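Following: one structure in structure tokens, then a few remarks.
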Amino acid sequence: MIVRISGEGQYRLDDSHHTQLNELDDAVVAAVDGGDEDAFHAAFEELLQFVRGNGEPLADDDLSASDHILPPADLTFPEAGEEFTGDGLIPEPS
Amino acid sequence: MPGMSGRFSTVVKAKISKLLDKAEDPAETLDYSYTKQLENLQNVKKGIADIVTAKKRLQMQSSKIEQSVVKLDTQARQALSAGNEDLARVALERKNVAQTELQGLDQQVAELEAQQQKLVDSEQQLRAKVEAFRTKKEVIKAQYNAAEAQVRISEAATGVGEQMADVGLAMQRAVDKTENMKARADAVQELEAAGTFDDLTALGSGGDDIDRQLKELSSSSVVDDELAKMKAELGSGAAPQQIEGGESQ
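Residue numbers (this note's numbering), protein chains in the order written: chain Y, 2 to 95; chain P, 1475 to 1723.
Shown next as structure tokens:
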């Protein structure tokens, strides 16, 4: 799967990472739902680091579309309230 | 992109469907899409230039105020050696306000610098994708099986459209930040225009309207501390010297 971090670039991740990615995404939703700003920043950073650490950056001239788009790293807590709701940005594995 | 959620994805989807607006004739769609991509690239370059301009303005303000800080510090010392503690205090109050503004400005310059770098990187990615699209465009045109072409166009345009939307979002965030900074830069300019950071020797003994406002703006504890420190330095050091005119040394 291809995941884009907005304002940063696209990464190709093995599909086997989906479950872990979804868990990290859910943790961000939980922090946002709980109104815990510090927990949000920690969880969101962990999610982004997971993508950067496990993903292979796509070449600039690659025209592949992303399967998931994550917000930019400087996302504020109020903005997060609009993004991370319900199942979050990564759907539950089927 | 089935199942993609979130505001950022929504913006991306809207951008891509706009890019594929004229879907009847594949060749036409390709050329239209490519033209739009070039326009977008041009806009990104302009946007980056605007941010650089905003940054330069802040940097100029910052260096002017930096000069004022040095000058006011010198004047406070001179006033104190001449035994004029009131004037020294006024100079230090001004220096205190100037330093606070300076910190704010420097932080904003650093933020803009980071935004600019991000946009330059994004623009580079977009340029590479637009170029890849141009190459692919000719291949698709040549192959001409309409249904197949349509699919390939859609794929290629999606890749570029996503990057376009992403640069657009980054640009919007940068512009929003720049707007906030303009407000601060304007406020600093007002202080400057009111003579806040001016040469004190041109002012006489102080006590005017500016000084009244400055007393409110500056932190008296910081000013007291600095005054005490300066006194100690002067007391243990050089003999009192004549107060000098601002520009005449």
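In this text, a Cβ means the ideal position worked out from N, Cα and C, and glycines have one as well.
It should be emphasised that the depicted structure is a prediction, and the values quoted were computed from it without experimental measurement.
Exercise for the section: Could you tell me whether the segment 1631 to 1647 of chain P touches the segment 1510 to 1519 of chain P, where touching means 3 or more Cβ pairs closer than 8 Å? Expected result: yes
Problem - Residues within the segment 1618 to 1631 of chain P neighbouring chain Y, beta-carbon criterion of under 9 Å - result: Glu1629, Ala1630 and Ala1631
Exercise for the section: Check the C-beta distance from Leu1(Y) over to Glu1629(P) and give it rounded, since I have them as a contact under 8 Å. Expected result: Shown here, chain Y extends from 2 to 95; a query on residue 1(Y) therefore has no answer.
Practice task
Compile a chain-ordered list of the residues in the segment 42 to 69 of chain Y whose CB is closer than 8 Å to at least one CB of chain P.
Solution key: Ala60, Asp61, Asp62, Asp63, Leu64, Ser65, Ala66, Ser67, Asp68 and His69
Problem - Test: Pro79(Y) CB closer than 7 Å to a CB of chain P - result: no
Practice task
Could you give the DSSP three-state label for Arg1627(P): helix, strand or coil?
Solution key: It is Ile, not Arg, that sits at residue 1627(P) in the sequence shown. Here Ile1627(P) sits in helix by DSSP.
Exercise for the section: Please compile the residues from chain B whose C-beta is within a distance smaller than 7 Å of the C-beta of Ala1602(P). Expected result: Going by chain labels, chain B is absent from the structure shown, which instead holds the protein chains Y and P.
Problem - Status (buried if at least 16 other CB within 10 Å, exposed otherwise) for Lys1489(P) - result: buried
Practice task
Would you identify the three-state DSSP class for Gly82(Y), choosing helix, strand or coil?
Solution key: helix
Problem - Where Gly56(Y) falls, given that 16 or more other Cβ within 10 Å makes a residue buried - result: buried
Practice task
Give the residues from the segment 16 to 40 of chain Y that approach chain P closer than 9 Å (Cβ to any Cβ), ordered along the chain.
Solution key: none
Handout entry: Where Ser7(Y) falls, given that 16 or more other Cβ within 10 Å makes a residue buried
Key = buried
Problem - Extent of the continuous beta strand (DSSP E) to which Ile6(Y) belongs - result: Ile3 to Ile6
Practice task
Find out if the Cβ-Cβ distance for the pair Ile1539(P), Ala1572(P) is shorter than 7 Å.
Solution key: Contact flag set, yes.
Practice task
Find the residues of chain Y that neighbour Leu1643(P), judging by a C-beta separation of less than 8 Å, and give them in chain order.
Solution key: Chain order gives the chain Y residues near Leu1643(P) as Ser7, Gly8 and Pro73, where near means a beta carbon separation below 8 Å.
Problem - Three-pair Cβ contact test at 8 Å for the segment 1630 to 1641 of chain P versus the segment 1586 to 1603 of chain P - result: With three or more CB-CB distances shorter than 8 Å, the segment 1630 to 1641 of chain P counts as touching the segment 1586 to 1603 of chain P.
Exercise for the section: Mark Glu1567(P) as exposed unless 16 or more other C-beta atoms lie within 10 angstroms of its C-beta, in which case mark it buried. Expected result: buried
Problem - the segment 1530 to 1549 of chain P: positions lying closer than 7 Å to chain Y by Cβ - result: Those residues of the segment 1530 to 1549 of chain P that come within reach of chain Y (Cβ to Cβ, closer than 7 Å) do not exist; the list is empty.
Handout entry: Beta-carbon contacts of Lys1529(P) that lie in its chain and below 8 Å, excluding the five residues immediately before and after
Key = Val1583, Leu1586, Glu1587 and Gln1590
Practice task
For Val1486(P), return the contacting residues in chain Y, with the cut-off set at a CB-CB distance below 7 Å.
Solution key: Ile70
Problem - Beta-carbon gap between Arg1531(P) and Glu84(Y) smaller than 7 Å - result: no
Exercise for the section: From the DSSP output, in three-state form, read off Leu71(Y) for me. Expected result: strand
Practice task
Taking Phe54(Y) as part of the beta strand (DSSP E), name the residues at either end of that continuous run.
Solution key: The identity of residue 54(Y) in the sequence shown is Gly, whereas the question assumes Phe. Premise fails: Gly54(Y) lies in the alpha helix (DSSP H), Glu38 to Asn55, not in any beta strand (DSSP E).
Handout entry: Integer Cβ distance of Asp62(Y) from Ala1602(P), believed to fall under 8 Å
Key = 4 Å
Practice task
Hey, could you find the ends of the alpha helix (DSSP H) Gly10(Y) is sitting in?
Solution key: First-last for Gly10(Y): Gly10 to Arg13, but that is the beta strand (DSSP E), not the alpha helix (DSSP H).
Exercise for the section: Measure the C-alpha to C-alpha separation of Leu1504(P) and Ala66(Y) and round it to an integer number of angstroms. Expected result: 17 Å
Exercise for the section: Give a yes or no on whether 7 Å exceeds the smallest Cβ distance from Glu83(Y) to chain P. Expected result: yes
Handout entry: Other residues of its chain near Arg1658(P): CB distance less than 8 Å, five sequence neighbours each side excluded
Key = Sequence-distant partners of Arg1658(P) (beyond 5 residues in either direction) whose C-beta falls short of 8 Å from its own C-beta, in its chain, are Gly1578, Leu1579 and Gln1582.
Practice task
Return the CA-CA distance between Asp1547(P) and Pro79(Y), expressed in angstroms with no decimal places.
Solution key: The alpha-carbon atoms of Asp1547(P) and Pro79(Y) are separated by roughly 42 Å.
Handout entry: Beta-bridge pairing of Pro58(Y) - partner residues as DSSP gives them
Key = Tyr12(Y), per the DSSP bridge assignment.
Exercise for the section: Could you tell me if Asp68(Y) is buried or exposed, where buried requires 16 or more neighbouring beta carbons within 10 angstroms of its beta carbon? Expected result: buried
Exercise for the section: Show which residues of chain Y have a CB atom less than 8 Å away from the CB atom of Ala1553(P). Expected result: Residues of chain Y passing the Cβ test: none, with the nearest at roughly 45 Å.
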